[in-house]
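*Asks:*
There are 2 protein chains.
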Amino acid sequence: MVVVRKDSEESLNQLFRALADGTRRSILARSLTETPSVSDLAARYEMSFAAVQKHVAVLERAGLIQKRANGREQLVSTNHARLQRAGELLEYFESIWRQRMAQLEDVLLPKGK
Amino acid sequence: MVVVRKDSEESLNQLFRALADGTRRSILARSLTETPSVSDLAARYEMSFAAVQKHVAVLERAGLIQKRANGREQLVSTNHARLQRAGELLEYFESIWRQRMAQLEDVLLPKGK
DNA sequence: TTAACGTACAACCATATGGTTGTAGTTAGA
DNA sequence: TCTAACTACAACCATATGGTTGTACGTTAA
Chain A
1 MVVVRKDSEE
11 SLNQLFRALA
21 DGTRRSILAR
31 SLTETPSVSD
41 LAARYEMSFA
51 AVQKHVAVLE
61 RAGLIQKRAN
71 GREQLVSTNH
81 ARLQRAGELL
91 EYFESIWRQR
101 MAQLEDVLLP
111 KGK
Chain B
1 MVVVRKDSEE
11 SLNQLFRALA
21 DGTRRSILAR
31 SLTETPSVSD
41 LAARYEMSFA
51 AVQKHVAVLE
61 RAGLIQKRAN
71 GREQLVSTNH
81 ARLQRAGELL
91 EYFESIWRQR
101 MAQLEDVLLP
111 KGK
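From first to last, the protein sequence lines are chains A and B. Straight run, no breaks: the first sequence in my numbering ends on number 113. Straight run, no breaks: the second sequence in my numbering ends on number 113.
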């Protein structure tokens with residue numbers, strides 16, 4: 001049986017919406033292999049510091065990343081558990097799909113061997 | 001090696017944004033197990049027919065569902081391959097995460113056995 | 001101590017999103 | 001044939017989103 005932990009609709013909305021932007025997916029990918037500061041990140045994109053800061057905030061609200069202060073810097077790292085949540089929902093959808101396909105086979109193929 | 005097929009940024013944006021709405025996730029789930037008409041779907045939600053029609057259009061543009069005409073009805077069914085795409089990207093992220101964890105182990109644990 | 005750095009946040013703008021109502025075109029059925 | 005059902009789409013509205021610039025404040029280093 002597939003277990004899908006409960007999550008508020010709003011929380012799932014935020015999760016998928018956070019992933020629906022190329023800059024944010026890029027920030028997320030970077031924070032997966034490094035622990036950059038917000039200005040490290042900002043230096044990599046052709047937009048203002050404030051814009052990158054907002055993207056980081058969206059990822060943080062969605063629970064995909066955390067920040068931790070290090071002097072005047074804020075270091076960004078990913079929250080893998082949260083990332084898995086999106087994956088789990090999609091796996092759940094896929095399991096439903098497979099069930100349906102299995103049922104169709106029952107209908108379309110002769111019973112028994 | 002994890003294979004992530006190329007997809008335009010915009011296409012991925014549409015895919016995740018389409019999933020970032022509870023009504024649309026519900027429509028998608030329903031279309032996974034049935035092949036409802038647009039008005040079948042509309043009857044299930046507390047919003048206008050036009051609003052549901054718009055949600056269906058968003059899912060269709062994202063490639064997550066298709067419609068096929070049946071007389072005056074439009075029957076909605078899911079495109080599983082497209083749904084898998086979102087899952088693959090998340091799996092890719094997860095593989096990067098696992099690589100990083102493996103590298104950390106190399107650093108934190110003594111070499112050799 | 002002072003200047004530069006890193007961050008936070010407000011105010012603003014253009015456009016996108018999610019909803020509505022209304023109009024019109026097809027198809028099915030009495 | 002005429003009417004009801006199903007769909008499409010335009011016009012409109014409020015709010016959210018993604019960007020900007022400007023200001024303020026704590027921290028670091030010279």
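C-beta: ideal position from N, C-alpha, C; glycine also. Quick caveat: nothing in here was measured; it's all calculated off a predicted structure.
Quick check: is any heavy atom of the ligand NAD less than 7 Å from the C-beta of S26 (chain B)?
*Replies:* For the structure depicted, the ligand NAD is absent and the ligand set is empty, with no information on it obtainable.
*Asks:* Using only the alpha-carbon positions, how far apart do G112 (chain B) and M101 (chain A) sit?
*Replies:* As a first step, residue 112 (chain B) is located in the second sequence; it is residue number 112 there, counting from the start. As a first step, residue 101 (chain A) is located in the first sequence; it is residue number 101 there, counting from the start. Only weak support exists for where G112 (chain B) lies, its pLDDT of 49 falling under 50; the value from the coordinates is given anyway. Their backbone Cα atoms lie some 48 Å apart in a straight line.
*Asks:* Secondary structure at S95 (chain A), three-state DSSP: helix, strand or coil?
*Replies:* Locating residue 95 (chain A) in the first sequence gives position 95, counting from the first residue. S95 (chain A) falls in the helix class under three-state DSSP.
*Asks:* Evaluate the contact criterion for the segment 23-41 of chain A versus the segment 73-80 of chain A: three or more CB pairs, one atom per stretch, below 8 Å.
*Replies:* Yes: at least three Cβ pairs fall under 8 Å.
*Asks:* Residues of chain B with CB closer than 8 Å to the CB of N13 (chain A), please, in chain order.
*Replies:* Residue mapping note: residue 13 (chain A) aligns to position 13 of the first sequence, counting from 1. Near N13 (chain A) (Cβ distances below 8 Å), the residues of chain B are A20, D21 and G22.
*Asks:* Listing by chain order, which chain A residues have their CB less than 7 Å from the CB of E46 (chain B)?
*Replies:* The count along the second sequence starts at 1 and reaches residue 46 (chain B) at position 46. Those do not exist, as E46 (chain B) stays about 14 Å from chain A at its closest Cβ, beyond 7 Å.
*Asks:* Against chain A, which members of the segment 33-67 of chain B pass a CB distance test of less than 7 Å?
*Replies:* Within the segment 33-67 of chain B, the qualifying residues are T33.
*Asks:* Does the beta-carbon of A69 (chain B) have 16 or more other beta-carbons within 10 angstroms, so that it is buried, or is it exposed?
*Replies:* Translated into positions along the second sequence, residue 69 (chain B) becomes position 69. Label assigned to A69 (chain B): exposed.
*Asks:* Does the count of Cβ pairs from the segment 52-60 of chain B and the segment 87-95 of chain B closer than 8 Å reach three?
*Replies:* Because the criterion of three Cβ pairs below 8 Å is not met, the segment 52-60 of chain B and the segment 87-95 of chain B do not touch.
*Asks:* What does the alpha-carbon distance come out to for the pair T23 (chain B) and L89 (chain B)?
*Replies:* Here the question's residue 23 (chain B) lines up with position 23 in the second sequence. Here the question's residue 89 (chain B) lines up with position 89 in the second sequence. If you take the alpha carbons of T23 (chain B) and L89 (chain B), they lie about 23 Å apart.
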